[in-house]
Amino acid sequence: MRRMALVAVALATCLAAGTAAAADHEVRMLNKGAKGFMVFEPDFIPVAVGDTVTFVPTDKSHDAESVPGMAPAGTTPFKGKISEKVTVEIGAEGVYGIKCTPHYGMGMVALIVAGKPVNLEEAKAVKHPGKAKKAFEALLSQAAP
Numbered sequence: 000m001r002r003m004a005l006v007a008v009a010l011a012t013c014l015a016a017g018t019a020a021a022a023d024h025e026v027r028m029l030n031k032g033a034k035g036f037m038v039f040e041p042d043f044i045p046v047a048v049g050d051t052v053t054f055v056p057t058d059k060s061h062d063a064e065s066v067p068g069m070a071p072a073g074t075t076p077f078k079g080k081i082s083e084k085v086t087v088e089i090g091a092e093g094v095y096g097i098k099c100t101p102h103y104g105m106g107m108v109a110l111i112v113a114g115k116p117v118n119l120e121e122a123k124a125v126k127h128p129g130k131a132k133k134a135f136e137a138l139l140s141q142a143a144p
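Residue numbering for the sequence shown follows numbering that gives the first Met the number 0, beginning at 0 and increasing consecutively.
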């Protein structure tokens, strides 16, 4: 009887360890932050596959949208609404480029990195307007293995 109880406890412990809850990472959309005007904070977001990232419009007139060509193959693009919170589930390993549509050319971008940056070269090949180009170059250099 005691042996069965120990086996049950061990099994429950193993199952609990294997089903750890996914984390939610909050990113604020700001008119002014530590890195200047029109920014995501943080703008570099390391996550695990299965985590979620919630973009919060701390200041109005911002959105969060995936950048075409800057997401792992097979993932679904997303586009949040202006001045509304949007939560995205990270479904695959790789890098995900994010932009604020109205402030993209001003460099309001972010990079989510889940596990290994398997699509890093494809993401680096995407063209960006204005200050977004330099901002993504800096973020992508942080994702390099």
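We treat Cβ as the ideally placed atom computed from N, Cα and C, and that holds for glycine.
Note that the coordinates shown come from a computational prediction; the quantities given were computed from them, not determined experimentally.
Asked	Found
Applying the criterion that 16 or more other CB atoms from any shown protein chain within 10 Å of the CB defines a buried residue, is residue 20 buried or exposed?	exposed
Looking at C-alpha atoms only, which residue of 134, 23, 33 is the closest neighbour of residue 109?	134
Determine the closest residue to residue 145 out of 22, 59, 76, 60, with distance taken between C-alpha atoms.	Because the chain spans 0 through 144 in this model, residue 145 falls outside it and cannot be assessed.
May I ask which residues mark the beginning and end of the alpha helix (DSSP H) holding residue 114?	Counting along the chain, residue 114 falls outside any alpha helix (DSSP H), and DSSP gives it neither H nor E.
Whole angstroms are fine: how far does the CA of residue 42 sit from the CA of residue 98?	10 angstroms
Are the CB atoms of residue 131 and residue 104 within a distance shorter than 8 angstroms?	yes
DSSP on residue 140, reduced to helix/strand/coil?	helix
For residue 68, does the count of other Cβ atoms within 10 angstroms reach 16, so buried, or fall short, so exposed?	exposed
Out of 122, 27, 24, which has the shortest C-alpha to C-alpha gap to residue 157?	Residue 157 is absent from the structure shown; the chain starts at 0 and stops at 144.
Over what stretch of residues does the alpha helix (DSSP H) that includes residue 88 continue unbroken?	First-last for residue 88: 85-88, but that is the beta strand (DSSP E), not the alpha helix (DSSP H).
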